[in-house]
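Q: My questions all concern the structure below.
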Amino acid sequence: MRFGFDDDQIEIQRTATALLEARSALDRVRENAEAGTDDNGLWTELCELGWPGIAISEDFGGQGFGLVELAILLEQAGRTLPAVPLLPTATAALAIQTAGSDEQKERWLPGLATGEISGAIGVAVNGRCEVAACAPTAAVAVLFDEEGGARLVDLADALVEPVDTIDPTRRYSSIEGPGVELPGDTDAAFDRAISAMSAELTGVASRATELAVAYVKDRKQFGTPVGAYQAVAHMCAGMLLGTESSRSASYHAAWAADADESKLSEAAAVAHIASVEGARDVTSACIQAHGGIGFTWEADPHWFYKRAQLDAQLLGGTSESRARLADSIADRVGAADEADED
Amino acid sequence: MRFGFDDDQIEIQRTATALLEARSALDRVRENAEAGTDDNGLWTELCELGWPGIAISEDFGGQGFGLVELAILLEQAGRTLPAVPLLPTATAALAIQTAGSDEQKERWLPGLATGEISGAIGVAVNGRCEVAACAPTAAVAVLFDEEGGARLVDLADALVEPVDTIDPTRRYSSIEGPGVELPGDTDAAFDRAISAMSAELTGVASRATELAVAYVKDRKQFGTPVGAYQAVAHMCAGMLLGTESSRSASYHAAWAADADESKLSEAAAVAHIASVEGARDVTSACIQAHGGIGFTWEADPHWFYKRAQLDAQLLGGTSESRARLADSIADRVGAADEADED
Amino acid sequence: MDLTFSEEETEFRDELRAWLDANHPGEEPAGDENAEFAWRVEWQQRLNEGGWAGVHWPVEYGGRGATLMQSAIFFEELGRSRSPLPGNGLGLLLAGPTIMAWGTDEQKDRYLNPILSAEEIWCQGFSEPEAGSDLASLKTMAVRDGDDWVINGQKVWTSAAQWSKWCMLVARTDSDAPKHKGLSYFLMDMEQEGVEVRPLKQMTGGTEFNELFIKDARISNDNLVGGEGNGWMVALTTLMNERSGLAFFLQVRTRQLLEDLFGYANESGKIHDPCVADKLAGFYTRAEVLRLTAYRGLTQIERYGQPGPEGALTKWMWSSLNQDVTQYAADLIGPEAITSDSHWSYELMRARGNTIEGGTSEILKNIVAERVLGLPRK
Amino acid sequence: MDLTFSEEETEFRDELRAWLDANHPGEEPAGDENAEFAWRVEWQQRLNEGGWAGVHWPVEYGGRGATLMQSAIFFEELGRSRSPLPGNGLGLLLAGPTIMAWGTDEQKDRYLNPILSAEEIWCQGFSEPEAGSDLASLKTMAVRDGDDWVINGQKVWTSAAQWSKWCMLVARTDSDAPKHKGLSYFLMDMEQEGVEVRPLKQMTGGTEFNELFIKDARISNDNLVGGEGNGWMVALTTLMNERSGLAFFLQVRTRQLLEDLFGYANESGKIHDPCVADKLAGFYTRAEVLRLTAYRGLTQIERYGQPGPEGALTKWMWSSLNQDVTQYAADLIGPEAITSDSHWSYELMRARGNTIEGGTSEILKNIVAERVLGLPRK
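Chains as they are written, first to last, in this note's numbering: chain C, 1 to 342; chain B, 1001 to 1342; chain P, 2001 to 2378; chain H, 3001 to 3378.
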């Protein structure tokens, strides 16, 4: 029961943090968001480092690590919001690796793992996805549906239309078109996708907390740093609570995906709920902690707020995860007089 | 749209406040609670003043006022927790007056209105009420059921067993026995009962706020009155919010019962939800604001907390009121493109 | 207690409803802030022609002389009919009443009528970047120079500044006087070189607000209001004015969002999910409590001439409710609600400002604790 | 990252589980606090005979020398098997570790073994009526008199005092030294005339706690721990000790309440109400996050020798979760849950103390803000 990273993981985290803080500083995020562009140079670089395929088997050109390592990268991506399609590409690949046929894997994974092509993810209702995380150049999408299935959509054959959302730090599109079922365990694929997303959300919450804490230490009102007012101080303490809750749940889910599939379903649902609620609350509080400034376009809190809002919808709402979780626990409690799940 | 009381009402409020503060001071409440006794002397006095029948027609020996006047009394009773069966007697009478047959009214109202006999109320499931507000000497009970009906139970023919609850400031009993349906509008009767109860809860919240504010002005920690700490100050501000929310909703429901039956159903549901949530939150905060002392038997906050807990269950949970309210609004919004309900 | 409207009030409301039905401004022009503002100015002109612009203004100044209650009804009906606020809202709600209360006869003659007709638009120069919630620490200076005052400083959160002819400006006229004692209240002409307006973009992408950079701007001493050094007191009157009518308008707007959400839940069938019904009923309860509490506040003022605890609570209730309703709307409607062309996405983002603008929730809770409950300050 | 137990830990757990299965103390005797306490003392004796009393104590002092992780497992399993805490809990968790860390060899020889065997029960005399969360303002005085110290003062919230032989007492030995600098840490014999124990009844009706009235009580200087004037530092060690193991026990207890509630919802069919399922899933998420965060705290201590932010958050998370779960239980079960003979009614009331005892939530948030986030103090 140890949450510490091993040496490889520490190195991955260190590299990711340093690289993204340098290459995706907040003025760069703003530039891309305002121009509606992706940072292709940075994406090329990340692909050379093998990031999109970090959790993909070496057989398909990936790095052969697991979801824990991907989560480490995504957490840093959540902290820094680089304008690259890392989450959709990596999770689309993960979903295909988990639930795709051999043929599907051979066709799509090498391209996704190396970043030669980029991926898209979203949820489809009646075959149409209104808002997928999907760059205009994405080649393939994995669309989950409400019945627990997932389709693979070759975007060359689909109608992909850019959608402006409130979050300009990432590209979104609607997707409509024919797809083929992923024949494998699509629940396991979905659980990996929400677990990965919860890592990104942890990063979002984490940075929002950092921004708020820095601001309230500095900003004065009535002659005192506002962070010395208990109402503000306790608000920041609550932000830490939300962030660390998200982090605990997200690590656990990533670990379960790699090491204990039997725990994945509940762990992923918990991570989904904790990270969406955590990130939305924390990013809202970040705006509040900044006062009027926090509400302006020129300040940075809103980027994190907006990403949190989009991630909260990207793979369905948390109410579905709650319903699923309740079912699962009720079954378990019903089945055993004694709860000995560990 | 004026919430002010008229001269009669102001006089009733003034009398009730003065009388109950004098005759049901907190040490008296404690005495009765610890002994498990009712304050028969005070009850006789209140009956002589006509309190139990204040909202009952003069034809049946009542005062001929309305629910607004009863709410004024009950709010003060909630503030002071006298050991008398005012709420159950007055609401049982109100229910019979609203939904009883002429025969039922003639048989029971004169006794209840004068306090010669006392009443009981509660909710029955499969004909049995686990926890009614019911003194051992009560003569008649009105038990609502989950299907929207209400039965009148002559307690001489019923099995009435005292039940110890967490709230020793009032007598409770289980009731099982044959009853007869109230043939009239039992929804209207129920709405009046929860409206009356919401007035009591407003008083409970109000006093809990008063106690907390007085305590935190006085009590010092780290050399400063604890009420000067923003966390405590904002907690108290939240208590005022909960109290005033309850009060607004409770006044409105009482008024609707007297003046505009068409608004009663929604108004009563709103009052039920706002007053139960308000009183539970406020009384919990009152304990917290007192720190360790607040958790002791010797301090007074727990009486109010316990009454709030019991009232929260006495006439069913708020989740039923929520469901009912949602139905009603959805119907209304569905029926009209334009919401012009006032 | 009489929670109906009186006969006169009902008549007033019915007349207003009929007028609004016949004169409804129609749909807001989308996407262009200048066009939207022009539309709201036209709307005020139409209101004025109908005698509905200065509803709460005394008859002698061209108003309708409405009671507090009628004024509340006016704003409720405005919201209910989904009409916008009049374009010169700050003039009607703030500048006019301030000038009536504190202004000289000359000021009244000169300024009131163009406010009503929206010929001259007004903005409010109170907040400063360094001051935030702390009005007493304002830094903008006014220095006497002959018959004029020379102004230097910076203001922020000035809505409508880009269209304004006049600015209600609070500036420091005595830097030695303690805190709020050295402040004075001016009417500043915006059409002069020393005043630069820069739009302040919000997280919504809109530019409701501006920054004001003031460099050697001049104000004639005739445009001082309420006398030198009384700026704090004059400003306070105005702030109170701003809140009461607006509160009813905002309250209704949130209620409409909630009714729209009920409508959506009905049509989509989601209302049959008990979780959805439970949530919506909870919001409705809060909306109803807010409405009732706002009216209780009016009763209190009518009876005792000053606001009770209710008034301090309604802004807090409203801002938190509006945030929760708009967030839940996004949850219920799904991703379509957070695309840029959904009005829900605007409502969601805009709501984040609610707990900041017009006094942060933290400041409001301080006020409740200190002024209503009498808790000590540290 | 390895979120399984190691082989040794699994063995430890399995051995413990087997032992608990075979030695379970059975049902708690209802209603009589003396009987309940005697039952918990017996339980400790049985634990001790099995070698499970001082799990976290070093082997040299008769303990099992468990790692932090094993100690966490011990408390989790104790909770999971629905066994009570051992009767001399404060001795095991506080007094023993303090004496090991700060005591003289004589003190270790004299006191440790009877703690383990529960022959001598211990209580903790830190809090005072006037001090509350503010340990630095303690007023109980210790005055040197030959080889003794003479103690006068009053303590509060001393659980188990009525059964205790010894009290860990913090008293002021230097009233001139600023605040916490003048405090010293003593082991006080409770069996003397100068010490009067009065039960302090709680809102639950129980008397878990007591007040201690100390009038000219005497303590030999041999029973000073950690040297004169070091009481603050000695007490801090102890407080840290109290929290870590207990946190796992409490966490599991709340989880059990929640599982009981799932069981009730299953049996009653209420789980099929989507609102109920939604609520319960929300609580489960919080319980799981609490458990994981508690373990993350252990990892942090194992790796870096000191607690990270996780430790400061778990008490806060737990207390708020336990309050919410017990309140929801009452809502779900209905009136039966708040009758006196329902254990839910006790849990509901007892939970109100959770945000007060062991540091109020307000103080905990201060600590998080100041020590973890480094925010300034006013």
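The C-beta atom is built at its ideal place from N, Cα and C for all residues, glycine as well.
Counting only Cβ pairs nearer than 8 Å, list the residues of chain P close to ASP3379/H.
A: Given a span of 3001 to 3378 for chain H in the structure shown, any question on residue 3379/H remains unanswerable.
Q: When the distance is taken between beta carbons, is ALA3369/H closer than 8 Å to LYS3315/H?
A: As a first step, residue 3315/H must be located in the fourth sequence, where it is residue number 315. As a first step, residue 3369/H must be located in the fourth sequence, where it is residue number 369. No, the pair does not count as a contact, with Cβ atoms beyond the cut-off.
Q: Hey, is ALA93/C's beta-carbon within less than 8 Å of any beta-carbon in chain P?
A: Within the first sequence, residue 93/C is the residue found at index 93, counting from 1. Chain P, which has no Cβ nearer than 8 Å to the Cβ of ALA93/C, makes this no.
Q: Are the CB atoms of GLU2310/P and THR1980/P within a distance shorter than 8 Å?
A: A question about residue 1980/P goes unanswered here, because the residues of chain P that appear run from 2001 up to 2378.
Q: Taking the alpha helix (DSSP H) that ALA3022/H falls in, what are its first and last residues?
A: As a first step, residue 3022/H is located in the fourth sequence; it is residue number 22 there, counting from the start. Here the alpha helix (DSSP H) through ALA3022/H covers 3007 to 3023.
Q: Please check if any C-beta of chain P sits within less than 8 Å of the C-beta of ALA231/C.
A: Indexing the first sequence from 1 puts residue 231/C at position 231. Answer yes: the Cβ-Cβ gap between ALA231/C and chain P drops below 8 Å somewhere.
Q: Between the alpha carbons of ARG3377/H and SER2127/P, how many angstroms are there, rounded?
A: Within the fourth sequence, numbered from 1, the residue matching residue 3377/H stands at position 377. Within the third sequence, numbered from 1, the residue matching residue 2127/P stands at position 127. Between ARG3377/H and SER2127/P, the C-alpha separation is close to 27 Å.
Q: Going along chain P in order, which residues have a C-beta closer than 8 Å to the C-beta of GLU130/C?
A: For the purposes of this step, residue 130/C is identified with residue 130 of the first sequence, where counting begins at 1. Per Cβ cutoff of 8 Å: GLY2334, PRO2335, GLU2336, THR2339.
Q: Is there a C-beta anywhere in chain P that falls below 8 Å from the one on HIS1302/B?
A: As a first step, residue 1302/B is located in the second sequence; it is residue number 302 there, counting from the start. Not closer than 8 Å to any Cβ of chain P, the Cβ of HIS1302/B fails to qualify, so no.
Q: Within the same chain, show all residues whose beta-carbon is closer than 6 Å to that of LYS306/C, passing over the 5 residues directly before and after it, in chain order.
A: Here the question's residue 306/C lines up with position 306 in the first sequence. For LYS306/C, where only same-chain residues beyond five positions count, the Cβ hits under 6 Å are ILE166, ASP167.
Q: Since ARG3271/H meets chain C, which of its residues come closer than 8 Å, beta carbon to beta carbon?
A: Indexing the fourth sequence from 1 puts residue 3271/H at position 271. What sits at residue 3271/H in the sequence shown is Ile, not Arg. Ordered by position in chain C, the residues that pass the 8 Å Cβ test against ILE3271/H are ALA326, ALA330.
Q: For a test of the three-state rule: what should DSSP assign to THR224/C, helix, strand or coil?
A: The residue given as residue 224/C occupies position 224 in the first sequence. Three-state result, THR224/C: strand.
Q: With distances taken from CA atoms, which of LEU1019/B, PRO1085/B, THR1098/B is nearest GLN1076/B?
A: Taking the first residue of the second sequence as 1, we reach residue 1076/B at position 76. Residue LEU1019/B is the option with its Cα nearest to GLN1076/B.
Q: Find the residues of chain P that neighbour ASP164/C, judging by a C-beta separation of less than 9 Å, and give them in chain order.
A: Numbered from its first residue, the first sequence carries residue 164/C at position 164. Per Cβ cutoff of 9 Å: THR2339, SER2340, ASP2341.
Q: Alpha carbon to alpha carbon, how far is THR1296/B from THR3360/H?
A: Here residue 1296/B refers to the residue found at position 296 of the second sequence. Here residue 3360/H refers to the residue found at position 360 of the fourth sequence. About 15 Å.
Q: What's the gap between the Cα of ALA3136/H and the Cα of GLN1221/B?
A: Reading the fourth sequence from its first residue, position 136 is the one you call residue 3136/H. Reading the second sequence from its first residue, position 221 is the one you call residue 1221/B. Per the coordinates, the alpha-carbon of ALA3136/H lies some 10 Å from the alpha-carbon of GLN1221/B.
Q: Please check if any C-beta of chain B sits within less than 8 Å of the C-beta of GLU3060/H.
A: The residue given as residue 3060/H occupies position 60 in the fourth sequence. No, GLU3060/H does not count as interfacial toward chain B.
Q: Please go through the same chain and pick out, in chain order, the residues whose beta-carbon is closer than 8 Å to the beta-carbon of LEU3321/H, but skip the five residues on each side of it.
A: Taking the fourth sequence and counting its residues from 1, the one referred to as residue 3321/H is at position 321. If we look at LEU3321/H and ignore the five residues flanking it on each side, its Cβ neighbours are THR3254, PHE3283, ARG3286, ALA3287, LEU3290.
Q: Cutting at 6 Å between CB atoms, please list the residues of its own chain near VAL1226/B, excluding the five before and the five after it.
A: For this step, residue 1226/B is matched to residue 226 along the second sequence. So the list reads VAL1216, ARG1219, VAL1232, once near-sequence residues are dropped.
Q: Indicate whether ALA312/C and ARG280/C have their beta-carbon atoms separated by less than 8 Å.
A: If you number the first sequence from 1, residue 312/C lands on position 312. If you number the first sequence from 1, residue 280/C lands on position 280. Yes, the Cβ-Cβ distance between ALA312/C and ARG280/C is below 8 Å.
Q: To the nearest whole angstrom, what separates the beta carbons of VAL1125/B and GLU1106/B, a pair I think is in contact under 8 Å?
A: For the purposes of this step, residue 1125/B is taken as residue 125 along the second sequence, with counting starting at 1. For the purposes of this step, residue 1106/B is taken as residue 106 along the second sequence, with counting starting at 1. In fact, because the Cβ distance is near 30 Å, the residues do not count as touching under 8 Å.
Q: Hey, quick one: how far does the beta strand (DSSP E) through LYS3215/H stretch, first residue to last?
A: As a first step, residue 3215/H is located in the fourth sequence; it is residue number 215 there, counting from the start. Run containing LYS3215/H: 3209 to 3220, per the beta strand (DSSP E) assignment.
Q: Starting from GLY1111/B, trace the alpha helix (DSSP H) in both directions and tell me its first and last residue.
A: Counting from 1 along the second sequence, the entry for residue 1111/B is found at position 111. 1102 to 1114 is the span of the alpha helix (DSSP H), which, as asked, contains GLY1111/B.
Q: If we ignore side chains and look at the alpha-carbon of each, how far apart do ASP337/C and CYS47/C end up?
A: As a working mapping, residue 337/C is identified with position 337 in the first sequence. As a working mapping, residue 47/C is identified with position 47 in the first sequence. For ASP337/C, the pLDDT reaches just 47, beneath the cut-off of 50, and the residue's location in the model is therefore unreliable, leaving the point undetermined.
Q: Buried or exposed, going by whether 16 or more other CB atoms sit within 10 Å of the CB of ASN3223/H?
A: The residue you call residue 3223/H lines up with position 223 of the fourth sequence. ASN3223/H sits buried, since 16 or more C-beta atoms from the chains shown fall within 10 Å of its C-beta.
Q: Using the three-state DSSP reduction, which class does TYR3185/H fall into: helix, strand or coil?
A: Your numbering for residue 3185/H matches position 185 in the fourth sequence. DSSP places TYR3185/H in strand when its eight states are reduced to three.
Q: Between GLY177/C and ASP164/C, what straight-line distance do the alpha-carbon atoms span, to the nearest angstrom?
A: Here residue 177/C is taken as the residue at index 177 of the first sequence, counted from 1. Here residue 164/C is taken as the residue at index 164 of the first sequence, counted from 1. Whole-angstrom Cα-Cα distance: 20 Å.
Q: Spatial neighbours of LEU2261/P within its chain, please: CB distance less than 6 Å, with the 5 preceding and 5 following residues excluded, ordered by chain position.
A: Against the third sequence, residue 2261/P aligns to sequence position 261. So the list reads ALA2329, once near-sequence residues are dropped.
Q: Measuring straight from C-alpha to C-alpha, what distance separates THR3204/H and SER2081/P?
A: For the purposes of this step, residue 3204/H is identified with residue 204 of the fourth sequence, where counting begins at 1. For the purposes of this step, residue 2081/P is identified with residue 81 of the third sequence, where counting begins at 1. Cα to Cα, the separation comes out at about 54 Å.
Q: If you draw a straight line from the C-alpha of THR2098/P to the C-alpha of GLY1317/B, how long is it?
A: In the third sequence, the residue the question calls residue 2098/P occupies position 98. In the second sequence, the residue the question calls residue 1317/B occupies position 317. Each residue's Cα considered, the two are about 50 Å apart.
Q: Grouping DSSP H, G and I as helix and E and B as strand, with all else coil, what is TYR1172/B?
A: Position 172 of the second sequence, counted from the start, is the residue given in the question as residue 1172/B. Here TYR1172/B sits in strand by DSSP.
Q: Between which two residues does the alpha helix (DSSP H) carrying LEU1143/B extend?
A: Working through the second sequence from its first residue, we reach residue 1143/B at position 143. No alpha helix (DSSP H) holds LEU1143/B; the beta strand (DSSP E) holding it covers 1140 to 1145.
Q: Does DSSP put CYS1134/B in a helix, in a strand, or in coil?
A: To locate residue 1134/B, count along the second sequence from 1; it is residue 134. CYS1134/B falls in the coil class under three-state DSSP.
Q: Taking only the alpha-carbon atoms, compute the straight-line gap between CYS1286/B and ASP3324/H and give it to the nearest angstrom.
A: The residue you call residue 1286/B lines up with position 286 of the second sequence. The residue you call residue 3324/H lines up with position 324 of the fourth sequence. Cα to Cα, CYS1286/B sits roughly 16 Å from ASP3324/H.
Q: Check each candidate in TRP2052/P, VAL2041/P, GLY2026/P, HIS2024/P and name the one with the smallest Cα separation from PHE2012/P.
A: The count along the third sequence starts at 1 and reaches residue 2012/P at position 12. Relative to PHE2012/P, the option among TRP2052/P, VAL2041/P, GLY2026/P, HIS2024/P whose CA is nearest is TRP2052/P.
Q: Less than 7 Å between the CB of GLN2256/P and some heavy atom of the ligand GDP, yes or no?
A: Here there are no bound small molecules, and the ligand GDP is not part of this structure.
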